[in-house]
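Engineer: First, the structure itself, so that you have it in front of you.
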Amino acid sequence: MKVALVHDYLNQRGGAERVFAHIARAWPEAPIYTALYDEGVAGNDFPAARVRRSYLSRVPLANRYFRALAPFYPRAFETFDLSGYDAIVSSTTSWAKGVRFSSSSIHVCYVNTVSRFAFAYEEYVAGMARTQLVRPLVDRLVAWDRAAAMRPTRLVANSRNVAARIRKYYGRNADVLHCPVDVDRFTIGSGEGDYFLIASRLLPYKRIDLAIRAAALANVKLVIAGTGPAEASLRKLARGTTATLLGYVSDMALNELLRNARAAILPGEEDFGLVPLEAAAAGRPTIAYRGGGALETVVEGETGLFFEEPEAESLAAVLRTFDASRYDAQRLRAHAEKFAPPLFVQRLRDIVARVYRERRDA
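End of the sequence shown = 484 in our numbering, gap-free, step of one.
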């Protein structure tokens, strides 16, 4: 079976890219098709020799301003020639599901989320120019997105939460295959630091602003690791508070931050959210908003706690009374190991093989 792999873009490091790295290792001989590629960022996981870039990679400063290219991604993925492959395995938050392929082939698409411009318009346009042109542009993308979601032979959701969104917005059923966590990247710590930790891309829907306000209300230290479009506004908000923004941190530094934190915080509603599992791998609990994918990765009272309302005071109330000594580091680690990469890879390979047999025998 000749396989091609597809991912939205490989110019940043986040949860979706970590998951796709395991997909790429599952089919090590398969070429990788993507809109944009930055070897300096992604080269360790995705060597340049494997990568086939779209015409958008020739646009000056495309990797830096990749979000502004949203109107052009549909065509970029539709023009990839995948006619010579028996199976296409894609990983997407928006665009890769739209590739075209031969009727004799299959396409299994791993969906990290339903496209945010389809179900969260205000969050999607945050930071964009609020002109009369924006809404019609997004409406066209929504129409394309729904049509593109009909193309894959099989959809695989990263959580029950995302599978429910797929049914609601696309009218399709999806298998559920939880994201893997890179357990071996983390070592168990004692939580001897006096701070709580957020490790995240700095995007509006992540609700890091809520956590900064909550930490100030509870008078506890908050450390934030990550970069993203909301960084400037969050630094301004954090000025003079108990929060510190570190910007980009390496994997090694993140391990140290997690293992020494009192707990990780997941303040927004995540599609799945790897952070509670990464924290558990480091022997640390998580305080998460009660909603979204966290309901599938945080076991209340065993691996963490929930706060009820998406408001700073709700989180602050939990931070004031949080007792890290209630959590057993070995039990936390065992929870994370249930999501180890080999289990994910084997299940995904089994799904692809089954769909291929079904198409061949039809």
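Don't be surprised by glycine CBs; every beta carbon is placed ideally from N, CA and C.
Fair warning: this is a prediction, and the values are worked out from it, not measured in the lab.
Using three-state DSSP, classify F429 as helix, strand or coil.
Structural biologist: Three-state result, F429: strand.
Engineer: Excluding the 5 residues preceding and the 5 following A184 in the sequence, name in chain order all residues of the same chain whose CB lies nearer than 6 Å to its CB.
Structural biologist: L158, L178.
Engineer: With a cut-off of 8 Å on the beta carbons, I'd call R381 and G311 a contact; round off their distance for me.
Structural biologist: Confirmed, Cβ separation roughly 2 Å.
Engineer: Would you kindly work out how many angstroms separate the C-alpha atoms of R77 and F188, rounded to a whole number?
Structural biologist: Outside the shown range of the chain (123 to 484) lies residue 77, about which nothing can therefore be said.
Engineer: Are P274 and V230 touching if we call contact CB-CB under 8 Å?
Structural biologist: A contact, by the Cβ cut-off of 8 Å.
Engineer: Would you mind listing the beta strand (DSSP E) stretches within the region 155-188 that are 3+ residues and don't spill past its ends, in chain order?
Structural biologist: DSSP runs (the beta strand (DSSP E)) wholly in the region 155-188: 173-175.
Engineer: Just to confirm, are V128 and V233 a CB contact at a threshold of 8 Å?
Structural biologist: No. Outside cutoff.
Engineer: Rounded to whole angstroms, what is the Cα-Cα separation between E161 and R442?
Structural biologist: Spanning the two alpha carbons is a distance of roughly 44 Å.
Engineer: Does the distance from the CB of A126 to the CB of P150 come in under 8 Å?
Structural biologist: No, the Cβ-Cβ distance between A126 and P150 is not below 8 Å.
Engineer: Starting from I320, trace the alpha helix (DSSP H) in both directions and tell me its first and last residue.
Structural biologist: Looking at the DSSP string, I320 is not in any alpha helix (DSSP H); the run it does join, the beta strand (DSSP E), is 317-321.
Engineer: Where does I145 fall in DSSP's three states?
Structural biologist: I145 falls in the helix class under three-state DSSP.
Engineer: How many Å lie between Y327 and A446 at the Cα?
Structural biologist: Distance between the alpha carbons of Y327 and A446 is about 27 Å.
Engineer: Is the Cβ-Cβ distance between F466 and L277 less than 8 Å?
Structural biologist: Result no, Cβ atoms of F466 and L277 do not sit closer than 8 Å.
Engineer: Give me the Cβ distance between S213 and A138, rounded to the nearest whole Å; I'm assuming they're in contact under 8 Å.
Structural biologist: About 7 Å separates the two Cβ atoms, so the contact holds.
Engineer: Tell me, please, which residues DSSP counts as bridged to K343.
Structural biologist: The partner list for K343 (beta bridge, DSSP) reads Y317.
Engineer: Below 8 Å, how does it come out for the region 382-389 and the region 357-374: are there three or more Cβ pairs, yes or no?
Structural biologist: Touching, no.
Engineer: Helix, strand or coil for D397? Go by DSSP, reduced to three states.
Structural biologist: In the sequence as presented, Asp is not what sits at residue 397; that position holds Val. Residue state, collapsed to three classes: helix.
Engineer: Only counting the same chain, and skipping five residues up and downstream in sequence, which positions put a Cβ closer than 8 Å to that of M330?
Structural biologist: Sequence inspection shows Ile at residue 330; the Met mentioned does not correspond to that position. Closer than 8 Å at the Cβ level, and outside the excluded window around I330, lie I320, S322, L324, I346, A352, L356, P389, G390.
Engineer: Starting from A126, trace the beta strand (DSSP E) in both directions and tell me its first and last residue.
Structural biologist: Segment 125-129, the beta strand (DSSP E) holding A126.
Engineer: Nearest to Y411 by alpha carbon, out of E435, L470, A403?
Structural biologist: Taking only the C-alpha atoms, the option nearest Y411 is E435.
Engineer: From the DSSP output, in three-state form, read off R222 for me.
Structural biologist: In this structure, R222 counts as coil in the three-state DSSP scheme.
Engineer: Have a look at A251 and G350 and give me their C-alpha separation to the nearest angstrom.
Structural biologist: Because the pLDDT at A251 is just 46, under 50, the model does not fix this residue reliably, and the point stays unresolved.
Engineer: Please list the segments of the alpha helix (DSSP H) lying wholly inside the region 406-459, counting only runs of 4 or more residues, in order along the chain.
Structural biologist: 416-419, 434-443, 451-459, all fully within the region 406-459.
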